[in-house]
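S.K.:
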DNA sequence: AAACTCACATACGCAACGTATGTCAAGTGA
DNA sequence: TCACTTGACATACGTTGCGTATGTGAGTTT
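Residue numbers (this note's numbering), protein chains in the order written: chain A, 5 to 202; chain B, 5 to 202.
1) Where do the ends of the alpha helix (DSSP H) carrying residue 19 of chain B lie?
2) Going by DSSP, which residues form a beta bridge with residue 150 of chain A?
3) Identify, in the order they occur along the chain, each residue of the same chain with its Cβ nearer than 8 Å to the Cβ of residue 127 of chain A, setting aside the five sequence neighbours on each side.
4) Find out if the Cβ-Cβ distance for the pair residue 165 of chain A, residue 161 of chain B is shorter than 8 Å.
5) Might you give, ordered along the chain, the residues of its own chain that have their beta carbon closer than 7 Å to the beta carbon of residue 111 of chain B, omitting 5 neighbours on each side?
6) Short check: CB of residue 182 of chain B to CB of residue 101 of chain B, under 8 Å?
7) Looking at C-alpha atoms only, which residue of A:9, A:11, A:50 is the closest neighbour of residue 24 of chain A?
8) Checking contacts by CB at 8 Å: is residue 160 of chain A closer than that to chain B?
9) Is there contact here, the region 184 to 199 of chain A with the region 135 to 153 of chain A, by at least three beta-carbon pairs under 8 Å?
10) Could you check which residue in B:54, B:139, B:115 has the C-alpha nearest to that of residue 158 of chain B?
11) For residue 169 of chain A and residue 90 of chain A, what's the separation of their Cα atoms in angstroms?
12) State buried or exposed for residue 96 of chain A, treating a residue as buried only when at least 16 other CB atoms are found within 10 Å of its CB.
13) Using a C-beta cutoff of 8 Å, does residue 154 of chain B count as contacting chain A?
14) Three-state secondary structure (DSSP) at residue 168 of chain B?
15) Along the alpha helix (DSSP H) that carries residue 118 of chain B, what are the first and last residues, could you check?
16) Quick one: using the 10 Å Cβ neighbour count with 16 as the cut-off for buried, is residue 81 of chain A buried or exposed?
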C-alpha cells in the first residue's frame, strides 16, 4: 500500500477525534463523556488523545474553537443580505437565537464551554461571534445611529440577551412557536439603543 | 450530656453539608469538588451525603435552591425603594448585574447549575428571580407602559442580558470600572420596551 | 427495658483520568 | 540501501472519586 505521510494521518486523526468530541459532548455533555469510548469509536486509544490535545479539556477547547468558528461564519452569512448596518445587527441577533437551537452549540459552547473552560472572552477562539457584533456596534455608535454607550457592554448585552432567550426557546415545550416571540422581543429591546425614534 | 433529638441533628448536618457545598462549588467548581473532602471538612462522611441528598447532583440542587432563594430576596430588597414599577424593573436588572459579581452566584447558579442540572426554568426552585421579573413585566405590559410583547420572552431577554453582562464584568480586569458601563447600557436597552419615548 | 428505626459510617466495586513506558512505521543521512 | 533517529500512538499502571451494599449504635416507640 502507498506509504502515507505522517502529518497527513495526524491531521486526519485530529479531525476524527474532534468530530467524535462534537458528537459525544453534544449528546452526553462534557463531564459524562468517556474518553475511552470516544477514542475507541474512531479506532484509536486515549494515547492519541493525550498526545494531540494534552488532556480532556484540550479536546473540548479544540471542539469549541471549531464550533465557534462555524457560528461566526453563520452569523456573517445571515447578515450578508442586510441593507444597512442596523439591519445587519438585528440579523446577527436573530442568527444567535437560531444557532442556540442547535444542540451542539447549546450544549458545547453555551453550557459546557463556560463551565469548564472559563469565560468565553478569554478563549483562544476569542468568541468570534461577539467580535463581529462589536464591530457593527462600533460603526453604528460612531455614525450616531445608536446612542452613545460602551461598545463592548452593548455588544455583550445584545448577544447575551439573544443567547439566553435562545436557551429558553430550546428548553421550551414547543420551540417553533416560542421562537418568533423571542425574536420579536429581541428586536424591540435592541431598538432601545436607537438614537432617534420619533 | 443532654440527649439531642434526631431531627435536630439531621437538619444541622444538612445545613453543614449545604454550607460546605457552597464553599467548595464556588471555589473549585462542581466537577472538581471531592465529596470525600467536602464531607470530611464538616466532620461527616459520604454516607451522610448520600442519605440526605441522594447523590452529588442532589447536593448541588439543594445549594442552588438556597442561593437562588437568597438572590430573589436580594432582588426584592433592591427594588423595594423604587417609585413605580418601571423603576422597579430597572432596579432588579441592576441587582442581577451586581449579584453575578458574587463568586458563589456566578459559579454555582450561572455556570454549573445550568450545565449539570439542566435549564433553570425546570429547576424546583423555579429560578425565583426570573419569576419576580416576569410579574413586574406582566404588570407593565398590561398597564401599557411597556410595548406589547410575550411576557416571558421579555423577562428572559432582560435578565439574560443583565446576567451575561455581569459575567463579562466579573471576568474583566477592572470590574469596578466596567460595572457602570454595563448598567448604563442595560438601562438604554431596557428602554426599548417603553411604549412612548417622544 | 426490650424491640425497633434510621441516620450515618464502613467497605467494596467500578469507571475514568492522567502518566510512564513500550513500539513500530515514517523520516533522515551516509 | 541500511543503520539510526524521531515521534505518533498503544499499552499498562496507579490514583481518584462516585455510588452502593452492609454494618452499627444512638434515639424512639410501646
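C-beta atoms are modelled at their ideal positions from N, C-alpha and C, and glycine is treated no differently.
M.R.: So, to answer that:
1) Walking along the second chain from the start, residue 19 of chain B turns up at place 15. Start and end: 10 to 32.
2) Taking the first chain and counting its residues from 1, one reaches residue 150 of chain A at position 146. A:198, per the DSSP bridge assignment.
3) Numbered from its first residue, the first chain carries residue 127 of chain A at position 123. By the criterion of a C-beta distance shorter than 8 Å, residue 127 of chain A is surrounded in its chain by 65, 68, 69, 72, 117, 121, once the five residues flanking it on both sides are discounted.
4) Your numbering for residue 165 of chain A matches position 161 in the first chain. Your numbering for residue 161 of chain B matches position 157 in the second chain. It is a contact, given that the beta carbons lie within the stated cut-off.
5) Here residue 111 of chain B refers to the residue found at position 107 of the second chain. Same-chain partners within the cutoff: 29, 30, 33.
6) If you number the second chain from 1, residue 182 of chain B lands on position 178. If you number the second chain from 1, residue 101 of chain B lands on position 97. For the pair residue 182 of chain B and residue 101 of chain B, the CB atoms are not nearer than the 8 Å cut-off.
7) As a working mapping, residue 24 of chain A is identified with position 20 in the first chain. The residue with the shortest Cα to Cα distance from residue 24 of chain A is A:50.
8) Along the first chain, one-based indexing puts residue 160 of chain A at 156. Residue 160 of chain A has a beta carbon lying within less than 8 Å of a beta carbon in chain B.
9) Pairwise C-beta distances place the region 184 to 199 of chain A in contact with the region 135 to 153 of chain A, as three or more of them are shorter than 8 Å.
10) Reading the second chain from its first residue, position 154 is the one you call residue 158 of chain B. Measuring from the Cα of residue 158 of chain B, the nearest candidate turns out to be B:139.
11) Mapped onto the first chain, residue 169 of chain A falls at position 165. Mapped onto the first chain, residue 90 of chain A falls at position 86. Just so you know, the alpha carbons of residue 169 of chain A and residue 90 of chain A end up roughly 20 Å apart.
12) Reading the first chain from its first residue, position 92 is the one you call residue 96 of chain A. Buried, since its Cβ has 16 or more Cβ neighbours within 10 Å.
13) Counted from its first residue, the second chain places residue 154 of chain B at position 150. Judged by the 8 Å Cβ criterion, residue 154 of chain B is in contact with chain A.
14) Indexing the second chain from 1 puts residue 168 of chain B at position 164. In the three-state DSSP reduction, residue 168 of chain B falls in the helix class (H, G or I).
15) Your numbering for residue 118 of chain B matches position 114 in the second chain. Following the DSSP letters along the chain, one finds residue 118 of chain B inside the alpha helix (DSSP H) bounded by residues 117 to 121.
16) Your numbering for residue 81 of chain A matches position 77 in the first chain. Under this definition residue 81 of chain A is an exposed residue.
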